[in-house]
Structure formats: C-alpha cells, structure tokens
Amino acid sequence: MTLQRHSVVPLARLLAVVGGLIFLASCGGSSSSTPINPPPPPTTNNSIDLSVNLGPTAPTTDYFNGLFASVEVCEPGSTTNCTTVPNVLVDTGSYGLRLLSGAVSGLSLPAVTDSGGNAVQECIGFISLAYIWGPVVQADIHLSGESASSASVHIISESPQYSVPSSCIPTGPVGTPEDLNSVSALGANGILGLGGFPQDCGSACADASTAPAQYYSCPSGNCNITAVPTTSTKGQVWNPVALFPQDNNGVLISLLSVPAGGAATDSGSLIFGIGTQTNNALGSVQIYGVSDQAYFTTTYNGTQFSNSFIDSGSNAYYFLDSGALGGIECADYQGWYCPGSPLSITVTNTGTNGTTGSVTFTIENTDSLFNTGFAAFNDLGGDSGDSLSTDYFDFGVPFFLGRNVFVGIAGQTVTGVSNVPYGFWAY
Amino acid sequence: MKTIARVLLILTLGAVPAWAVLGEYESSVSLDTQFMRGEDRVTSAQGYKLHQITSPTGAVVTEYVSPEGKVFGVSWRAPVIPNLEQLLGSYITPVQQAAQAQTRRRGGPFIVRAGDLVFVSGGHMRAFRGSAYVPSLLPKNVSAEVVR
C-alpha cells in the first residue's frame, strides 16, 4: 500500500467529516481500496523522524538540503549508559554509523581491535578530498524499536590520539588537507550510512595483502594499514540496519514534497525493513538493481551515464555540466546552476535487472533559492563533471522530496524481489 | 644549520617529482607501479598511449601518454581515493586550494578548473572515480574526453 502522507491527514479528516459527497474525490488519490480487515499493528516500532533543515551549524554555515535524524547509542549491553545524538546526517551513499567524539564523550565505548590486539582506527576520504579519522568502537545502536547490538561505530575524533596517516589523505601529506573532524566542518554530529552494502569496505579490507588505505592500527604510535574482518561484531563498520534481528533488508525514506522555490524545512520518516511490516510494503514502486559498485545507468538525450546513483548525502541534483546545458553556471556560486528560467530535465534510469523508468525534475536559479533562507529545495542543481565523458547523475536530496524511496541491502532477501545481487533502489 | 635546512628542503622537494606523474615523462609511470604495487598494462590508441595500473587493493589507475612521452591525463576507479599528490605531482596545488574553499556543495562531486588543469572527483564510498588532465599537453587531434 502507499504510505499516507502527513500533509494529507488533515484533508482526509476533513473529508471524513464532510462525508459521502466528497467520497469519490478522495478515491482519486494513489491509495488503493480500503482493506476489509485492517492489518495487524507493526510488531516492532520501525520508524524514526527525519528532518530537512539547515543543520547544527546554521546560521554560521547553512547546510542546504541536509537530511538529519537522531540516533541513540549505548554502551554495549547497557540500557542506562546511553546518549541520543541529534542532527546526524542520513546518508544512503555510505555505510555505517560515524559520530563525532564530542557527541558520545559521556560514554565508555570499548575499542575494536585487530588480530594484533591493537585498537582499530579508520580514515574515510570524501570525494571533496576531505577526510574523517578516528577509532572504531563498539556500541549498541537504537533506532526506534530496532537495535544493532555491539555494532562497530566509527568515532570522528575531535582531538585524535594519533596523527592521521598521510596515506589516507587524498591530497597527500603536502599542504593542509581539509579534515572534517568537527561539527563546524562536518555540518552534522555524525553520519548514518544506510546505503545498500552491509559493510563500509568488504572483503578487500579483511586481507592485509589487498586492504586499501582505510583501516589502520597504530602500535607504538605509527599507524599502518591493518586487516579488519567483515564479521558483524568486532569487525568492519556495518550499515546498522543489516545488523537488526528483523527489518534488516533495507530502508524506506519517505519525505514530504515541497513547492517550487523550496520550503523553510521538510520532514518525513525513515522506516526500517522492506516488505516486513504494514508500513514498508513495496506496493507499486519499480525495482532498479545496481552494479557491484552500487551504480545504475541514467540516459539523457541518448547519452548513457553508467555511474549514476541516488544519494541522500548529496544536497542537490548533481548532473551533467554547465557546458552540456548551454552555460548555466552561476556567476557567483561555482558549480551551481542558475538557469534564466526553470529548466526541466527528463532522464531514463535503467537498473541492472532491466527495469527502466523516466524521471523528470526541474532546476531553478540557485541564487534565488539560497536567498530564500529556506533549507529544503526540490529544484537545486549543480554540475557532476567536466564533459559528457566524466559526467554522471547523482540524485540527491531533492529527488527524495515527495517520494517514497527504498534502498535494498545487497545479499538480503526482499519478498518478491530477485536478480539484484548487489542490492537495489526502488521508487 | 642553514645549509642543513637547505639540503633538507631540496630533498623534500626533490621527492615530490619522483612520485609525480601528470605532466611528467612516461618513465615516472614505473615509479607509480612500484608505489601502488600494481601491474602495468600498456595499450595504444589513436594518437596516444595508455598505461593501466591495477593494484591488489582493486584500484585501477590509467595514465594517458602523448607521442612525446608526457603524461597528459590520469584517471582512477578505486575503493578509496588514491594518493593524488602522487598522481598529480605539481598539479596538486590548485586542487588543494580548491578543496579548502568548498562551500555549500555537500556530498557532490568535486570539480576544479584552474589554469592548466581540469580535475574531477566523483562517485561514492567503495567506488570512487575521477580524472585529471592538462589541456596544454593534449596531443594533436586527441580530445580531452579520452581521459575518463
């Protein structure tokens, strides 16, 4: 069934009061006929609130289209030594929970150690060439009624015990690379990575001979790359959803629509599980399988972009380049689009399972949007590359506004879904 | 002390071109393979040559070499972003500067057009990709779009 949108509720109540006269009109929506026997209530509370707002660093630094949630973490096995961290970025483009050290400073969280008994540290580089760095610890993660027990969590150190190894800084040891180990730089208190892989690295990091510059240990103060297994405890950082005892095959992100030109804020729900409870049925959405690198293909004007994806951690539609669109880059904001009039873009997405479907969105003038002081925009866009050979489509937060978007985790079973070994998107 | 300081400075600066590739001569590619512990596969294309270096970590770095033997472009597909100082050499400076000047774009691709460099970093966790090229070093009749 289609999820009921929050904004529809008052209208539905009104219709119920007015009665049969408007009954036919109310049937014109996307929901199907009323079931004769209402389904049983959910067995586990599997939903948390989502908010699109300017983030914890506003107004000093506004985070446009920042998608945030609160996450509760506890010392393993404890129900009292817990803290709730607000303003954690909800990111379908990464895997696992990462929290600033200051957000969990009141907790004593045990270190995850490697085979040599040394505390595991992790470095994550971003495509912006910034990075985060700090230890991997164990914590119980609570999201509504769902729990990931003794999960590996990456702590983003605001005062790191060890210097960040130069091998994990994308820009190298020369210069001053940008670290995001603070709320002011990160723009959030942490990142909740809910993408379609169970772990943030996978088998490569489990073997010392193939491990890339991601997990380290620092015996006698020198940090070297170390092997960390893919095991669900005392191993790599996992998407916590894959660790839940139930509702563990993916998530549904459901956000209210906003009008053209944006809204001050937006809200919605993050629902755990796919097809496991009454509130997370796939219904009539289409399933788009992704590649072993979590990409699908987007076709625009006959050109295929095979490295496209959906990402709630991207705050705009990042696609094509200004030249390909006739020169619409903003004069003042580099990399942002400022079309003279609203620009409609229609593309076709193709999953690895052969599903195809079109998506149409509109891009408006970024200058005008930023000047509103609003946080939530469905029409914010910027470039993705330099030419058609490097461009792709990154469907960021604007894509989620007014949609139900499912992320299916690789290797997990979803009733009625097959032929998607690396997970899927559904919308 | 001054002499020692100068010698150290020269040694430090001297180390950079040793790892550098973009804009350097083809011979620097072999240093890359050593650094990445990778296998180098060389192929020819119309008007240029490619070195494709595959490392045990799954990183694939492609280096594009002109008939004059200069590396005019590099690209990567990798589980973590490779050491770009090693790949870009002296061209890393405008990239570093731009990396510290980013605002408002969050989680999106990172693109630098600075002087004689075009740089693109994109993709997502576990599957990063990117490229860089030097327009003035493009061989005759070779489009920048070959660097991908």
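Those protein sequences? They're chains P and E, same order as listed.
Plus 40 on top of the position in the first sequence (first one is 1) and you've got the working numbering.
Plus 2 on top of the position in the second sequence (first one is 1) and you've got the working numbering.
Quick reminder that beta carbons are idealized off the backbone N, C-alpha and C, glycines included.
Here the structure is a predicted model, which is why all the values come from computation and not from measurement.
* Asked: When burial is assigned at 16 or more other CB atoms within 10 Å of the CB, is E/Val44 buried or exposed?
  -> That one is exposed.
* Rank E/Gly49, E/Glu87, E/His126, E/Met38 by C-alpha distance to the C-alpha of E/Ala134 and give the top, closest one. => E/Glu87
* To do: For P/Gly421, name the three-state secondary structure that DSSP assigns.
  => strand
* Assign E/Arg107 to buried or exposed, taking buried as 16 or more other Cβ atoms, counted over all protein chains shown, within 10 Å of its Cβ. => buried
* Partner residues on chain E for P/Pro252, Cβ-Cβ distance less than 8 Å -> The contacting residues are Thr59, Gly60, Ala61, Ala80, Pro81, Val82.
* What are the residues that DSSP puts in a beta bridge with P/Thr123? -> P/Val113
* Asked: What residues match up with P/Arg138 in a beta bridge as DSSP calls it?
  -> P/His194, P/Ile231
* Asked: What residues of chain E sit near P/Phe237, judged by a beta carbon separation below 9 Å?
  -> Met127, Arg128
* Buried versus exposed call for P/Asn459 [16 or more other C-beta atoms within 10 Å across all chains shown] -> exposed
* Asked: Are the C-beta atoms of P/Pro210 and some chain E residue less than 9 Å apart?
  -> yes
* Of the choices P/Gly233, P/Ser348, P/Tyr256, P/Leu129, whose alpha-carbon is the least far from that of P/Gly156? -> P/Tyr256
* Residues of chain P with CB under 7 Å from E/Phe112, in chain order? -> Ile167, Ser168, Leu169
* To do: Output yes if chain E places a C-beta closer than 9 Å to the C-beta of P/Asp240; else output no.
  => yes
* Closest to P/Leu149 by CA distance: which of P/Asp131, P/Gly136, P/Pro116 is it? -> That would be P/Pro116, whose Cα lies nearest to the Cα of P/Leu149.
* Asked: Between P/Trp465 and chain E, is there a C-beta pair that is closer than 9 Å?
  -> no
* Asked: Taking Cβ-Cβ distances shorter than 7 Å, what residues in chain E pair up with P/Ser207?
  -> Neighbourhood of P/Ser207 in chain E, by CB distance below 7 Å: Asn85, in chain order.
* Indicate the three-state DSSP secondary structure (helix, strand or coil) for P/Thr400 in the structure shown. => strand
* Report yes or no: is there a C-beta of chain P within less than 9 Å of the C-beta of E/Ile94? => yes
* **contact_flag[the segment 202-210 of chain P, the segment 170-186 of chain P] where n(CB pairs < 8 Å) is 3 or more** => As far as the Cβ criterion goes, the segment 202-210 of chain P touches the segment 170-186 of chain P, which means the pair count is three or higher.
* To do: Identify, in the order they occur along the chain, each residue of the same chain with its Cβ nearer than 6 Å to the Cβ of E/Ser46, setting aside the five sequence neighbours on each side.
  => Nothing meets the Cβ criterion.
* To do: Would you identify the three-state DSSP class for P/Ser307, choosing helix, strand or coil?
  => Here P/Ser307 sits in strand by DSSP.
* Do E/Phe121 and E/Pro141 come within 9 Å of each other at the CB atom, strictly closer than that value? -> Cβ atoms of E/Pro141 and E/Phe121: not closer than 9 Å.
* At least one CB of chain E closer than 9 Å to the CB of P/Ser408: is that the case? -> Taking CB atoms only, P/Ser408 has no neighbour in chain E less than 9 Å away.
* Asked: According to DSSP, which residues form a beta bridge with E/Lys51?
  -> In the DSSP output, where bridge partners are listed per residue, E/Lys51 has E/Ser46, E/Val67.
* Asked: Quick one: is P/Gly69 near chain E, going by C-beta distance under 9 Å?
  -> For P/Gly69, the predicted model reports a pLDDT of 39, less than 50, meaning its position is unreliable; a value from the coordinates is still stated below. No, because no Cβ of chain E sits closer than 9 Å to the Cβ of P/Gly69.
* Go through the segment 332-366 of chain P residue by residue and report every complete run of the alpha helix (DSSP H) that reaches 4 residues or more, in order. => Segments of the alpha helix (DSSP H) lying fully in the segment 332-366 of chain P: there are none.
* Can you name the residues of chain E whose CB is closer than 9 Å to the CB of P/Ala334? -> His126, Met127, Arg128, Ala129
* For P/Gly425, is the beta carbon positioned less than 8 Å from some heavy atom of the ligand COA? -> The ligand COA is not part of the structure shown, which contains no ligands of any sort.
* **Three-state secondary structure (DSSP) of P/Asp240** => Reduced to three states, the DSSP call for P/Asp240 is coil.
* Could you tell me the boundaries of the alpha helix (DSSP H) in which P/Glu162 lies? => If you look at P/Glu162, you'll find it isn't in any alpha helix (DSSP H); it sits in the beta strand (DSSP E) that goes 160-165.
* In this structure, does DSSP put P/Asp372 in helix, strand or coil? -> coil
* Asked: Relative to chain P, which residues along the segment 43-58 of chain E have a C-beta separation below 8 Å, given in chain order?
  -> Legend: CB atoms of the segment 43-58 of chain E lying less than 8 Å from CB atoms of chain P belong to residues Pro58.
* **Within-9 Å CB hit, E/Thr105 to chain P** => yes
* Asked: Taking DSSP as the reference, what is the three-state secondary structure of P/Val57?
  -> Residue confidence for P/Val57 is low, a pLDDT of 39 falling below 50, so the modelled location carries little weight; the figure read from the coordinates is stated next. Residue state, collapsed to three classes: helix.
* **Amino acids of chain P, ordered along the chain, whose beta-carbon sits closer than 9 Å to that of E/Val67** => Result: empty, since nearest Cβ-Cβ is about 18 Å, beyond 9 Å.
* By how many angstroms is the C-alpha of P/Asp431 removed from the C-alpha of P/Gly142? -> 38 Å
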